[in-house]
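Residue numbers (our numbering): 1 to 366. In this text, a Cβ means the ideal position worked out from N, Cα and C, and glycines have one as well. A short write-up of the structure that comes next.
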């Protein structure tokens with residue numbers, strides 16, 4: 001028997017020769033079947049497992065630079081790896097799901113909602129519904145297509161005449177400012193915001209405007225369908241709750257009621273959830289930061305506050321200028337041609353340097 005020490009506590013276990021003999025006998029297929037195989041005592045095995053678990057946790061704090069965030073990242077690494085794998089494998093499925101759900105809502109709108117509008121509203125309101133509805137539809141389709149098919153932007157793999165602030169630990173390539181590595185795409189993304197499974201694409205410098213415009217257009221479209229179909233939804237709910245209708249509903253009537261309920265419930269849920277996401281991204285854009293930079297800036301703000309200093313985001317040009325940079329607005333007419341209408345213009349700059357935007361210097365915050 002031998003004793004060893006774990007965290008200032010002495011434990012008595014079987015001797016090391018007995019353990020090695022146990023492993024050698026159980027793992028060697030050439031041993032005779034009738035040879036006696038020693039077994040570790042239950043209490044000793046429990047102590048060994050506990051010691052290994054404590055050693056695994058203590059090894060995470062291998063130096064003074066390690067903190068609780070690093071420990072949690074290490075412990076959650078298997079879960080994050082599994083989520084990234086599923087997202088990578090099911091990306092095309094999510095895109096198909098968006099297309100299918102949007103198509104079913106369009107069918108209900110054209111077959112059920114528009115005929116009700118034609119029979120209920122005045123000609124001026126009918127013209128407004130047709131104009132707004134189709135403008136909203138074009139904005140949704142255009143920006144979703146561009147967001148899924150536009151590359152977010154990748155940094156050059158070789159160092160050229162551009163400044164880079166670090167080297168990626170995953171792909172070992174130069175990283176310009178605001179560049180981050182995507183574990184799902186397995187590459188660095190310029191001005192990475194996040195990886196969107198509903199786009200099967202990363203949201204970065206060259207497609208972030210398409211992503212945000214799609215979110216706005218889809219939210220407005222869902223709100224429009226929810227408000228326009230509210231009365232039909234209430235009537236359909238009353239009809240479904242009356243099983244002893246005289247005369248009984250036909251199959252067409254039942255499908256009519258169920259389709260109205262389906263449209264209203266789905267559009268209302270998407271309007272609330274996607275609307276909240278859209279508002280959050282609007283706040284980030286106003287601050288001149290991405291989703292990833294939000295966490296980094298919060299940590300840097302807390303760190304600087306401990307030293308009695310104030311951290312300022314170097315990419316915050318002021319609320320109005322941040323929106324101009326994000327939307328690519330250089331003159332007043334661009335608010336119509338580049339914001340309210342579909343536009344495939346590229347954003348300002350190349351995301352390698354951040355001092356070339358056509359914004360007046362006197363408008364920048366000091």
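Once the 5 residues before and after residue i are set aside, which same chain residues still bring their CB inside 8 angstroms of it?
| i | result |
| --- | --- |
| residue 337 | 343 |
| residue 323 | 285, 286 and 329 |
| residue 200 | 91, 92, 94, 95 and 148 |
| residue 256 | 112 and 236 |
| residue 132 | 224 |
Of the residues the options, which one's Cα is nearest the Cα of residue i?
| i | options | result |
| --- | --- | --- |
| residue 240 | 227, 260, 230 and 221 | 260 |
| residue 113 | 49, 226 and 153 | 226 |
| residue 317 | 339, 302 and 354 | 354 |
| residue 233 | 266, 124 and 351 | 266 |
| residue 104 | 279, 213 and 263 | 263 |
| residue 326 | 43, 121, 49 and 207 | 207 |
| residue 212 | 142, 304, 100 and 257 | 142 |
| residue 274 | 214, 88, 50 and 309 | 214 |
| residue 288 | 319, 83, 58 and 126 | 319 |
| residue 144 | 218, 302, 280 and 41 | 218 |
| residue 102 | 119, 82 and 138 | 138 |
Rounded C-beta distance between residue i and residue j? I'm assuming under 8 angstroms.
| i | j | result |
| --- | --- | --- |
| residue 198 | residue 98 | 6 angstroms |
| residue 52 | residue 146 | Rounded, the Cβ-Cβ distance is 52 angstroms, inconsistent with contact. |
| residue 216 | residue 278 | 6 angstroms |
| residue 172 | residue 222 | The Cβ separation is near 44 angstroms, so there is no contact. |
| residue 293 | residue 311 | With a Cβ gap of about 12 angstroms, residue 293 and residue 311 do not count as contacting. |
| residue 162 | residue 352 | 4 angstroms |
| residue 117 | residue 129 | 5 angstroms |
| residue 298 | residue 313 | So it is not a contact: roughly 11 angstroms between Cβ atoms. |
Under 7 angstroms Cβ to Cβ from residue i, same chain only, skipping five residues before and after it: list those, please.
| i | result |
| --- | --- |
| residue 202 | 152, 182, 185, 189, 192 and 195 |
| residue 220 | 136 |
| residue 175 | 155, 164, 165, 166, 167, 168 and 188 |
| residue 150 | 206, 207 and 210 |
| residue 157 | 173 |
| residue 81 | none |
By the 10 Å Cβ neighbour count, where 16 or more other Cβ atoms means buried, how is residue i classified, buried or exposed?
| i | result |
| --- | --- |
| residue 178 | buried |
| residue 333 | exposed |
| residue 285 | buried |
| residue 140 | buried |
| residue 109 | buried |
| residue 283 | exposed |
| residue 236 | buried |
| residue 329 | buried |
| residue 77 | exposed |
| residue 170 | exposed |
| residue 231 | exposed |
| residue 295 | exposed |
| residue 180 | buried |
| residue 276 | exposed |
| residue 251 | exposed |
| residue 290 | buried |
| residue 308 | exposed |
| residue 379 | Nothing about residue 379 can be reported from this structure: the residues present for the chain run from 1 to 366 only. |
| residue 204 | buried |
Tell me which same chain residues have a C-beta within less than 6 angstroms of the C-beta of residue i, skipping the five on either side of it?
| i | result |
| --- | --- |
| residue 85 | none |
| residue 13 | Bear in mind that a pLDDT of 43 at residue 13, under 50, signals an unreliable position, so the number given afterwards is only what the model happens to contain. Excluding residues within five positions, the ones whose Cβ falls inside 6 angstroms are 44. |
Query raised in the report: In chain order, which alpha helix (DSSP H) runs of at least 4 residues are fully inside the region 219-287?
Result: 230-240 and 251-287, all fully within the region 219-287.
Query - Completely contained alpha helix (DSSP H) runs for the region 67-134, where each covers 4 or more residues - result: If one requires a minimum length of 4 residues, the alpha helix (DSSP H) runs lying completely within the region 67-134 are 68-89, 91-108 and 114-120, in chain order.
Query raised in the report: Of all the alpha helix (DSSP H) runs that stay within the bounds of the region 276-353, which reach a length of 4 or more residues?
Result: 291-306 and 319-327
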